[in-house]
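One structure is given here, and the rest of the page talks about it.
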Amino acid sequence: MSFSNIKLILFREIRDQARDRRTLFMVFVLPLLLYPLLGMTFLQVMQFRREKPSQILVVGAGELTSPDGDTGSADAAEAEAPPDASEDDELEPRLPPLVENDRFSRALFVDPEKAKLMTLHFAPTEPRGGARQVPDQLAEARRAVQAGEYDAALYFPADFTDRLQTFRRTLEQRRERGAQAVQDEVPFPQILTTATEKSQIAAVRLNDVGMAWREQVVVSILKARGVPETVIAPFRFEQHDVADSTTYQGVLFWSKILPVLLLIWALTGAFYPAIDLCAGEKERGTLETLLSSPAERSEIVLGKLLTVMLFSMITAVLNLVSVAVTGLLVLQHQPNFGPPPPMAAVWLAIALVPVAALFSALCLALAAFARSSKEGQYYLMPLLMITMPLVVLPMMPGVELNLGNSLIPVTGLVLLLRTVLQGASWEALQFLPVVVGVTLIACLLAIRWAIDQFNSESVLFHASDRLAMGYWLRHLWQDRRPTPNVAAAVFCGVVILMVNFYMNVALKRPEMALKWPETFGDVAQTALVTQLVVILTPALLMTIVLTNSPRQTLLLRRPPWRAVPAAALLAAALHPAVTVLQSLVVQLYPYSDQSEPALRRIQAAINGAPLWQVILVIAVTPAICEELAFRGFILSGFRHLGHKWRAIIYSALFFGLTHMILQQSLIVCLVGTVVGYLAVQSGSLLPGMIYHLIHNTLAVSVGRIPAAWFDRWPAVRAWMNRTEQGLEYSWSMIIAGGLIALLILLWFRRLSCPKSAEEEFQEAIDRGLNPETEYAKMAVQLEQAPPA
Amino acid sequence: MIHVDGLVKHYTDLRHGHVVALGGISFHARPGQIYGLLGPNGAGKTTALRILSTVLRPTAGTVTISGFDVLTQPSQVRHQIGFMSANTAVYDRMTGWEMVEYFGRLHRIPPDELAERMEQLFERLKMNDTRDVLGAKMSTGMKQKVSIARAVVHDPPVLIFDEATAGLDVLVARALLNTVAELRDHGKCIIFSTHIMREAEKLCDRVAIVHRGKILAEGPLEELRDRHHERDLEELFFQLISQHDKAHPPAARGFAAQPAPQRA
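Which chain is which? The protein sequence lines are A and B, in order. With the working numbering as the guide, the letters of the first sequence map in order to residues -19 to 768. With the working numbering as the guide, the letters of the second sequence map in order to residues 25 to 288.
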């Protein structure tokens, strides 16, 4: 790879983009215009925004209405007592008024002007003394609200006022008599609402008014007895913000919003240039010109990548600056709201480089796949769908920087940035190496993917075939090969994952959102259904339909005889290390509060069942079914990729994902890699099956070693420790096992490892083969499966 | 100079399933010679030439150019060749001068030498009028000249022209053919694919008639005429192809007399 070529390509691409007016506009002009315009619009809209009054139907509040209108202007301070005593023919004090001048009493609002936000409509009532309400008034109110004639209704039962007064009197009497009076219950007023937003707002407003009014009723009762009003609120809690200037609210806001904006704009800024540089070049026919030039594919990709990165970074920076300036101007009058901390600029700039690199590589790889710019545009949505959860996850409340989160690409970076911006640099520093490492690996993988895309003929030159189901199905059937192709392997993996998912959902009982198996019978049923129906059936069906040599696809060959005991020994030797890793993973990502007790119950159920049954269900069945599917069909398909390690890892990823619970998936993935290696090296499924069988058997039986053995045999004590949590392997066992495992794996490495034609081909190229002899061999191999 | 032995190229395509674009073709071309690949559309010419230019990789067979293998030494091969096809366009947002300079520098020609050579080239191809014109604003003839200049700027011993005259008007096509002949006279080894017989008659020292991924006949033009007792090349071509089709009726699937993927 030559740096001067990369530089040459980089400068050409920059010049090319700089001559494109649309790019210039999108990158440089738009951000400078967009946010001031948005800010302006926001301010304008704020001026027009006003709260609309809710339309409220009031039923049966006649008694609670202030008798004449002039009290409407009464001061809030004197409103707590019924201000007029004009009706002194009644000895009883009146209730505080709820309604005055056809509105709720102004005294019920902290800000009396808010009273105007509710327009009241009164249901017709009959004059006082008669049967004041027709019995179906409630039903009528219900209908009116449902029909949307009113936003909400406030309904007082017919005898509400009387009962309230009675209640009051009873209290009075109780005091006089000093005896217990029967508590007379006051019927509840009802607030009727619907699900519309207007109705919900009306309900909130009504509730506030109702509470305020109830308080006044209480106060009036207390007053009548000479109890001071303060008795209902003798003290209050005061809240003081003790944050210093570095952690004022503004910092919290900025530290949440800036990293997310950075990511979104870095992605957007990378996407459009990437489309133009790949799909656009394909479309304009210049890609082949470049490919036939002396520039290597990796040089082309890196040159383009740096260009995309540059534009991604410029877009992000300009947008952030514009947002910050506009945001400050618009929000400067908010209390506790200051500019972002000055160091933010430095941190964001540092973080921008890897973020831009990662997104640029992803965009480039996707864009290389597109046949035209138009097709490229369609890929933005899927890309956003995949990236956004990683960006949004850190925004969720309670998600903080810890080791587990810092291992998630993008998310870890956002959390790290946020922590730094909030001033906790020291805390952030501890996770810096992890986040940097994860981000670097993600970047390298993405770049690798982009280069692979540029090396793939089918990606660069695929014809724009129209999609025709008929052709495709015929193609699947007629062009069967001894082993499935990569697409079939992916398809099989995805089918297993999806069926597994739906099966899990369907098996859950409706009465419990998260139903886990309870007894061993349940466990066995779920496990067997999963193994036989979800995993084995699709793999076998596809083997029959999509390949013409089940034996070759499912690796049903005899392995070198030593490989079988070696695999068994390897499983036993690695088991301690795997167990330790498993507990480490659980420490990193603890089980959720829901799943932990459930998993414990499952474990208990398994521990309680007879060992032979457990081994049959948990060890033998998966060793057969999962091996046939993942190391048989799927691995064979992936081997057409031409790299055996990639095939092993991809099949292990599907294997891990099938296990649904993240904490298990990680370990299963690792075990899958080992088993995949055994299958590839020995060319047979059997060693992997044996490994799987022994591994699972150990997992379910180690915990059953009777306590008596520890006392009787020192060897057992050297092997295992008994702890509070149960049995644990001793460290000497873990290390010794690891070393033995390493030796066995080295032995497997020496096995002949039957290769796929693509792998031979790739290896030959990597070695710089001697064309005369090896070409001929390969040609023969590839010709072995010519078209029918 | 160019050695193609048993070149095979397979690919998979939804409609046609497994397609054998090239079913083992062999030919050799020497310096100072124009080697013509004649064939109808979809014969496999473009695929073969894309393999020669290392843009595609062969499924089997060997191709060496100036002794370098296309599969294991692709970058050396690319230094040896100038490739020009209907699919190698010029950049829209670059001027003629910039475009040729860019490829010259990718070939690592020292700047002084490059400037000198480009002056000569622009003079010889009479393209000083395209010097500062952006690709988007050039006429087809101007673009064609820029493409030639781009292909020969590093003075490669081997030149590959894949249907280079497709879509050109008579004048431009004629100028191009003259340039190709001139390059031959400078001792270049030239591969020239076309489906226009007149061009082949005029230009080629040796031809191979390619049809459905196979070479049906190969040799100097005169020799072919004598061998098949047919003076008219077009008749000869037609005769060979219909004979082959009669002997091997095209299968519905499995083999496609179809274009290499993504033909412009």
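From the three backbone atoms N, C-alpha and C, an ideal C-beta is built for every residue, glycine too.
Who are G47 (chain B)'s beta bridge partners in DSSP?
Along the second sequence, one-based indexing puts residue 47 (chain B) at 23. In DSSP, G47 (chain B) forms a bridge with B:V32.
Span of the alpha helix (DSSP H) holding P518 (chain A)?
What you label residue 518 (chain A) is simply residue 538 of the first sequence in a count that begins at 1. T517 to L526 is the extent of the alpha helix (DSSP H) around P518 (chain A).
Apply the 10 Å Cβ neighbour rule to Q433 (chain A) and answer buried if 16 or more other Cβ atoms are within range, or exposed otherwise.
On the first sequence, position 453 is the one that residue 433 (chain A) refers to. With 16 or more other Cβ atoms within 10 Å, it is buried.
State the Cα-Cα distance for the pair L725 (chain A) and Q742 (chain A), rounded to the nearest angstrom.
Counting from 1 along the first sequence, the entry for residue 725 (chain A) is found at position 745. Counting from 1 along the first sequence, the entry for residue 742 (chain A) is found at position 762. When rounded, the distance between both Cα atoms is 24 Å.
Identify whether A159 (chain A) lies in helix, strand or coil by the three-state DSSP scheme.
Sequence index remark: in the first sequence, residue 159 (chain A) carries index 179 (1-based). Residue confidence is low: A159 (chain A) scores 49 on pLDDT, short of 50, so the model does not pin down where it sits. Its coordinate-derived value is still stated next. Coil.
Counting along the chain, where does the alpha helix (DSSP H) carrying V660 (chain A) start and finish?
Here residue 660 (chain A) refers to the residue found at position 680 of the first sequence. L642 to S662 is the span of the alpha helix (DSSP H), which, as asked, contains V660 (chain A).
C-beta neighbour in chain A for R129 (chain B), strict 7 Å
What you label residue 129 (chain B) is simply residue 105 of the second sequence in a count that begins at 1. Judged by the 7 Å Cβ criterion, R129 (chain B) is in contact with chain A.
Cα-Cα separation between A609 (chain A) and A721 (chain A), rounded to whole angstroms:
For the purposes of this step, residue 609 (chain A) is identified with residue 629 of the first sequence, where counting begins at 1. For the purposes of this step, residue 721 (chain A) is identified with residue 741 of the first sequence, where counting begins at 1. When rounded, the distance between both Cα atoms is 25 Å.
Between Q104 (chain B) and V558 (chain A), what straight-line distance do the alpha-carbon atoms span, to the nearest angstrom?
Start at 1 with the first residue of the second sequence, and residue 104 (chain B) comes out as number 80. Start at 1 with the first residue of the first sequence, and residue 558 (chain A) comes out as number 578. So the two alpha carbons sit approximately 55 Å from each other.
Cβ-based neighbour list, K(-13) (chain A), same chain, cut-off 8 Å, excluding 5 preceding and 5 following:
Mapped onto the first sequence, residue -13 (chain A) falls at position 7. Cβ within range, chain order: G283.
Neighbourhood of A175 (chain A) by C-beta distance below 6 Å, restricted to the same chain and skipping five residues each side:
To locate residue 175 (chain A), count along the first sequence from 1; it is residue 195. There are no such residues.
Using alpha carbons as the reference points, say which of B:P180, B:L201 and B:L183 lies closest to A190 (chain B).
Walking along the second sequence from the start, residue 190 (chain B) turns up at place 166. Nearest of B:P180, B:L201 and B:L183 to A190 (chain B), Cα basis: B:L201.
The segment 461 to 471 of chain A in contact with the segment 610 to 624 of chain A per 3-pair CB rule at 8 Å
yes
Please give the ranges of any beta strand (DSSP E) in the segment 368 to 424 of chain A, keeping only runs that are unbroken, at least 3 residues long and fully inside the region.
none
When the Cα atoms are used, what is the spatial distance from F339 (chain A) to L412 (chain A)?
To locate residue 339 (chain A), count along the first sequence from 1; it is residue 359. To locate residue 412 (chain A), count along the first sequence from 1; it is residue 432. C-alpha separation (whole angstroms): 20 Å.
Among the residues of its own chain, which have a CB less than 6 Å from the CB of A548 (chain A), if the five just before and after it don't count?
Position 568 of the first sequence, counting from 1, holds the residue named residue 548 (chain A). I670 and I674, listed in sequence order.
Counterpart residues of N202 (chain B) in DSSP-defined beta bridges
Sequence index remark: in the second sequence, residue 202 (chain B) carries index 178 (1-based). Answer is none; N202 (chain B) lacks a bridge partner.
Is there a Cβ of chain B sitting closer than 7 Å to that of A275 (chain A), yes or no?
Residue numbering aside, residue 275 (chain A) sits at position 295 when the first sequence is read from its first letter. Closer than 7 Å: yes.
For S736 (chain A), which residues in chain E fall below 8 Å Cβ to Cβ?
Here chain E cannot be found, since the structure's protein chains are A and B.
Measuring only between beta-carbons, confirm whether R(-1) (chain A) sits less than 7 Å from chain B.
One-based indexing of the first sequence puts residue -1 (chain A) at position 19. Yes, its Cβ sits closer than 7 Å to a Cβ of chain B.
Please tell me whether S278 (chain A) and P11 (chain A) are closer than 7 Å, where the distance is taken between their beta carbons.
The sequence position of residue 278 (chain A) within the first sequence is 298, counting from 1. The sequence position of residue 11 (chain A) within the first sequence is 31, counting from 1. No. Outside cutoff.
Using a Cβ-Cβ cutoff of less than 6 Å, which residues in the same chain neighbour C228 (chain B) once the five nearest sequence positions on both sides are dropped?
Residue mapping note: residue 228 (chain B) aligns to position 204 of the second sequence, counting from 1. Once the five neighbours on either side are set aside, the close Cβ partners of C228 (chain B) are I58 and G60.
Check each residue of the segment 246 to 277 of chain A: if its Cβ is closer than 8 Å to any Cβ of chain B, include it; give the result in chain order.
R264, G265, T266, E268, T269, L271, S272, S273, P274, A275 and E276
Could you pull out every residue in the same chain whose Cβ sits closer than 6 Å to the Cβ of A430 (chain A), ignoring the five residues on either side in sequence?
As a working note, residue 430 (chain A) is residue 450 in the first sequence. Within the same chain, A430 (chain A) has close Cβ partners V281, A341, L344 and A345.
8 Å Cβ cut-off: residues of chain B touching E708 (chain A)
Locating residue 708 (chain A) in the first sequence gives position 728, where the first residue counts as 1. Chain B residues near E708 (chain A): none, gap ~53 Å exceeds 8 Å.
By the criterion of Cβ-Cβ separation under 9 Å, what are the contact partners of A(-12) (chain A) in chain B?
Locating residue -12 (chain A) in the first sequence gives position 8, where the first residue counts as 1. According to the sequence provided, residue -12 (chain A) is Leu. The question's Ala does not apply to it. Near L(-12) (chain A) (Cβ distances below 9 Å), the residues of chain B are Y126, R129 and L130.
Buried or exposed: which applies to T164 (chain B), given that a residue is buried once 16 or more other Cβ atoms fall within 10 Å of its Cβ?
For this step, residue 164 (chain B) is matched to residue 140 along the second sequence. So T164 (chain B) ends up on the exposed side.
Between A:Q532, A:A324 and A:I244, which has its C-alpha nearest T295 (chain A)'s C-alpha?
Start at 1 with the first residue of the first sequence, and residue 295 (chain A) comes out as number 315. Ranking the options by Cα distance to T295 (chain A), first place goes to A:I244.
L97 (chain A) versus Q153 (chain A): straight-line alpha-carbon distance, rounded
Against the first sequence, residue 97 (chain A) aligns to sequence position 117. Against the first sequence, residue 153 (chain A) aligns to sequence position 173. Rounded to whole angstroms, L97 (chain A) to Q153 (chain A) spans 40 Å at the Cα level.
Please list, in chain order, the chain B residues whose beta carbon lies closer than 7 Å to that of R(-8) (chain A).
Position 12 of the first sequence, counting from 1, holds the residue named residue -8 (chain A). Ordered by position in chain B, the residues that pass the 7 Å Cβ test against R(-8) (chain A) are Y126.
Residues in the segment 413 to 437 of chain A having any Cβ partner in chain B nearer than 8 Å:
E437
Neighbour flag for A113 (chain B) against chain A, beta carbons, 7 Å:
As a working mapping, residue 113 (chain B) is identified with position 89 in the second sequence. Output row for A113 (chain B): interface = yes.
Taking DSSP's pairing of strands, which residues face A133 (chain A) in a bridge?
As a first step, residue 133 (chain A) must be located in the first sequence, where it is residue number 153. Answer is A:L37 and A:L172, bridged to A133 (chain A).
Here's a check: name, in chain order, each residue in its chain whose Cβ is nearer than 8 Å to the Cβ of L512 (chain A), leaving out the five neighbours to either side.
If you number the first sequence from 1, residue 512 (chain A) lands on position 532. Counting only Cβ-Cβ distances below 8 Å, and skipping sequence neighbours, we find T601 and C605.
Quick check: the segment 588 to 599 of chain A against the segment 392 to 405 of chain A, are at least 3 beta-carbon pairs closer than 8 Å?
no
Buried or exposed for W234 (chain A), going by 16 or more other Cβ atoms inside 10 Å?
Here the question's residue 234 (chain A) lines up with position 254 in the first sequence. Buried.
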